[in-house]
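K.L.:
Can you read through this structure? Questions will come right after.
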């Protein structure tokens, strides 16, 4: 069942040289974060109508801008307008007290035709794998995603957070063959499936129980082979590495993400052959496939 997220908003206060009359501002219920993800009730422009129809059809929100609210709150001492602005933060988690760091920035789709094409791609190629039962809180369709970790900048095809899945669609006009489209869809699914499953983690209690007591453990091993044998024995497909380079078993979310990635890249036959000596892995593998099918994921 899709989680309904009630979110404590991260806020950036900025000044603007634009003038704004408070009488023109619509009343906003600050206790209902949904209002920041949906178009204004009276908006009748093409984009608002597209977003509203999407929400009614799929039960989740559609965004084309990472600025999800910009609200006039008054004038400063110089008479300049002051706005309360919230930017979409993919690394926001619930519950969260501190503001999200937000390493992501975006370039946006400009024309309504680009936005309609992006929605068509989502509906035609992504939603045949993801049904309404597995939908996230919102989708953000943009031209390009930029990820800056402080030392390097990359441009992922998609990025996932608890309250939003962002997809880069600027490349779509260059995808001319079915093979190119399918490859791009596959890369997007690899990027987002783990988060979609984590949003429904309550469905995986039986799956987690098979490795319970061994999640997020740091351990020593005399070799890589010994380390891998340890994690596989306890039902994990692969090990993790902590910030200091030490061996670690996956977290609950990490375990879901690895199983999701493997399920999109490897066949049952491959898993049975390479994990034949690890019965807990095999039991978790088929249980995982059963659960995600019940949640509405189609390979």
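In the working numbering, the protein residues as written are 7 to 305. The C-beta atom is built at its ideal place from N, Cα and C for all residues, glycine as well. These figures come from a predicted structure and were not determined experimentally.
Would you mind sorting residue 208 into buried or exposed? The rule is 16 or more other CB atoms within 10 Å of its CB.
P.N.:
exposed
K.L.:
Among all the DSSP beta bridges, which residues are the ones paired with residue 195?
P.N.:
Answer by DSSP bridge pairing: none, since residue 195 is not bridged.
K.L.:
How would you call residue 218, buried or exposed, if buried means at least 16 neighbouring beta carbons within 10 angstroms?
P.N.:
Exposed, since its Cβ has fewer than 16 Cβ neighbours within 10 Å.
K.L.:
Under the rule that 16 or more other beta-carbon atoms within 10 Å means buried, what is residue 182, buried or exposed?
P.N.:
exposed
K.L.:
Can at least three beta-carbon pairs, one atom from the segment 288-302 and one from the segment 248-260, be found at a separation below 8 Å?
P.N.:
no
K.L.:
Which same chain residues, not among the five before or five after residue 160, have their C-beta less than 6 Å away from its C-beta?
P.N.:
Excluding positions up to five away in sequence, the list reads 153.
K.L.:
How long is the line joining the alpha carbons of residue 4 and residue 83, rounded to whole angstroms?
P.N.:
Only positions 7 to 305 of the chain appear in the structure, and residue 4 is not among them; the question remains open.
K.L.:
In three-state DSSP terms, what is residue 71?
P.N.:
coil
K.L.:
By the 10 Å Cβ neighbour count, where 16 or more other Cβ atoms means buried, how is residue 271 classified, buried or exposed?
P.N.:
exposed
K.L.:
Can you have a look at residue 137 and say buried or exposed, based on whether 16 or more other CB atoms are within 10 angstroms of its CB?
P.N.:
Exposed, by the Cβ-count rule.
K.L.:
Pick out the complete beta strand (DSSP E) segments inside the segment 166-235, 3 residues or longer, and give them in chain order.
P.N.:
171-174
K.L.:
Quick one: grab the DSSP three-state call for residue 164.
P.N.:
In the three-state reduction of the DSSP assignment, residue 164 falls in the strand class.
K.L.:
May I have the straight-line CA-CA distance separating residue 177 from residue 149, to the nearest angstrom?
P.N.:
8 Å
K.L.:
I need the DSSP call for residue 150, collapsed to helix, strand or coil.
P.N.:
strand
K.L.:
Does any residue of chain C have a CB that is nearer than 8 Å to the CB of residue 266?
P.N.:
Reference to chain C is not applicable here, since this structure consists of a single protein chain.
K.L.:
If we call anything under 8 Å between Cβ atoms a contact, is residue 284 one with residue 239?
P.N.:
In contact: residue 284 and residue 239 (Cβ atoms closer than 8 Å).
K.L.:
Could you pull out every residue in the same chain whose Cβ sits closer than 7 Å to the Cβ of residue 264, ignoring the five residues on either side in sequence?
P.N.:
243, 244, 256
K.L.:
Using the beta-carbon count (16 or more within 10 Å), is residue 180 buried or exposed?
P.N.:
exposed
K.L.:
Please go through the same chain and pick out, in chain order, the residues whose beta-carbon is closer than 8 Å to the beta-carbon of residue 287, but skip the five residues on each side of it.
P.N.:
Correct list, in chain order: 238, 241, 242, 243, 277, 281.
K.L.:
Using only CA atoms, which one of 109, 215, 73, 78 lies nearest to residue 43?
P.N.:
73
K.L.:
Would you say the segment 113-124 touches the segment 46-57, given that touching needs at least three Cβ pairs under 8 Å?
P.N.:
yes
K.L.:
Leaving out five residues on either side along the sequence, give the residues of the same chain with a beta carbon under 7 Å from the beta carbon of residue 220.
P.N.:
These residues qualify, in order along the chain: 240, 255.
K.L.:
Check whether the segment 221-229 and the segment 196-212 are in contact - that is, three or more C-beta pairs closer than 8 Å.
P.N.:
Output reads no: the segment 196-212 does not touch the segment 221-229.
K.L.:
Along the alpha helix (DSSP H) that carries residue 292, what are the first and last residues, could you check?
P.N.:
285-301
K.L.:
Identify the continuous alpha helix (DSSP H) that holds residue 267 and give its terminal residues.
P.N.:
258-271
K.L.:
Reducing DSSP to helix, strand and coil, say where residue 140 ends up.
P.N.:
helix
K.L.:
Report the three-state DSSP secondary structure of residue 132 (helix, strand or coil).
P.N.:
Looking at residue 132 - three-state DSSP - the assignment turns out to be helix.
K.L.:
Sorted by chain position, which residues of the same chain lie with C-beta nearer than 8 Å to residue 126's C-beta, five sequence neighbours on each side aside?
P.N.:
none
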